[in-house]
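If you use this note's numbering, the sequence shown corresponds to residues 13 to 287, in order.
Scroll down for the structure; my scribbles are underneath it.
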Amino acid sequence: MKTELHIHSTFSDGALTPKEIVKEASAKGVRILSITDHDAIGAYHTALPEAEHVGISLVPGIELNTDGIDGELHILGYCFDPQHPKMTEHIYWRTKQRNNWAAKIVSQLNNLGYAISLADVRRHVPGDVIVRTHIAAELVRQGYFPTADDAYQALLKKGKPAFVERVAFSAEKAIQLVHECGGKAFLAHPAIYRSSVPLQRLLSYGLDGIEVYHSEHSDEDSVYWLEVTKQYGLLVSGGSDYHGTSARKKKEIAIGSVQLDTDSKNYWIKRAEES
């Protein structure tokens with residue numbers, strides 16, 4: 013039974029709608045699915061009827077982007093109440109903050125000589141959440157760069173001329189939010205961060221698990237982080253981090269292409285559902 017616990021839809025920076033994701037997941041034999049959009053939960057509500065129709069167990073999920081003392085980390089939340097008022101409030105705040113952040117990036121690009129507007133960028137935003145991928149897509153449309161990844165690497169990532177810091181939302185607050193909403197908090201793709209993961213601090217915040225299996229993890233990475241989960245009694249998750257053709261990533265990843273082993277999958281699902 014395939015499990016896919018990390019995937020993005022048009023509600024953040026993915027190429028497929030929630031219903032298209034469910035259809036593709038079903039075709040690939042996925043039976044447990046979580047759509048983990050950046051700071052958004054709307055895809056869950058949209059996909060739920062279709063998932064129930066095709067016999068897929070849809071797990072509420074979100075990928076919370078965090079900054080601050082622990083660096084730029086992504087915290088995955090699972091099995092929380094998708095209608096919890098604290099989650100709703102956070103998403104509303106984050107959406108508003110992202111809009112302001114995007115406007116500052118566009119202004120900085122204008123100062124650098126790139127003639128794009130926020131209205132232009134919004135053409136690439138099917139949902140409510142603006143991400144740097146959408147800004148990069150407009151730079152490509154205007155002919156400034158051949159690919160979104162080229163635009164991101166040259167201008168938008170940390171340390172580059174158009175980079176703008178987001179309003180801080182810490183990993184500690186992200187983990188607390190997931191817990192307050194009744195869910196489990198996992199560290200996403202720990203092997204791909206540019207700096208070392210502050211594991212002990214994350215554990216002190218109450219981190220529940222680690223995304224051991226990920227499309228950008230090597231076999232050695234997965235073995236290492238699996239041992240970490242065993243050492244500290246943490247839960248294990250995994251997923252493809254599928255975005256589709258809208259992704260900045262050059263490598264195309266298939267839905268359901270990253271699998272947990274059966275024991276690990278049952279372990280985290282059982283523990284999450286019992287809590």
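Glycine included, each C-beta is placed from N, C-alpha and C at the ideal position.
Computed from a predicted structure; not experimentally measured.
Residues bridged to A197 (per DSSP): G89
Span separating the alpha-carbon of L130 from that of E177: 18 Å
Continuous beta strand (DSSP E) assignments of at least 3 residues falling wholly in the stretch 91-134: none
Secondary structure of K35, DSSP reduced to three states: helix
Secondary structure of H65, DSSP reduced to three states: helix
Whole-angstrom distance between I222 and H65, CA atom to CA atom: 30 Å
Nearest-angstrom Cα separation, counted from F181 out to L199: 15 Å
R260 to D161 span [Cα, whole Å]: Its pLDDT being 48, under 50, R260 is placed unreliably in this model, and the value from its coordinates should be taken loosely. Cα to Cα, the separation comes out at about 5 Å.
Opposing strand residues paired with Y225 [DSSP bridges]: G250
Inter-stretch contact (C-beta, 8 Å, three-pair minimum) for the stretch 33-44 and the stretch 65-77: yes
Sequence-distant residues of the same chain with beta carbon closer than 7 Å to I103, five excluded per side: D51, A52, I53
T15 - containing beta strand (DSSP E), residue span: 14-16
Validate contact between the stretch 142-154 and the stretch 42-49 using beta carbons, cut 8 Å, 3 pairs: no
V137 - DSSP class collapsed to helix/strand/coil: coil
Simplified DSSP state of R43, which is helix, strand or coil: strand
Same chain, Cβ closer than 7 Å to A115, neighbours up to 5 away in sequence not counted: L130
Sub-8 Å separation of T29 and T22 beta-carbons: yes
Helix, strand or coil at E84 according to DSSP, with G and I counted as helix: coil
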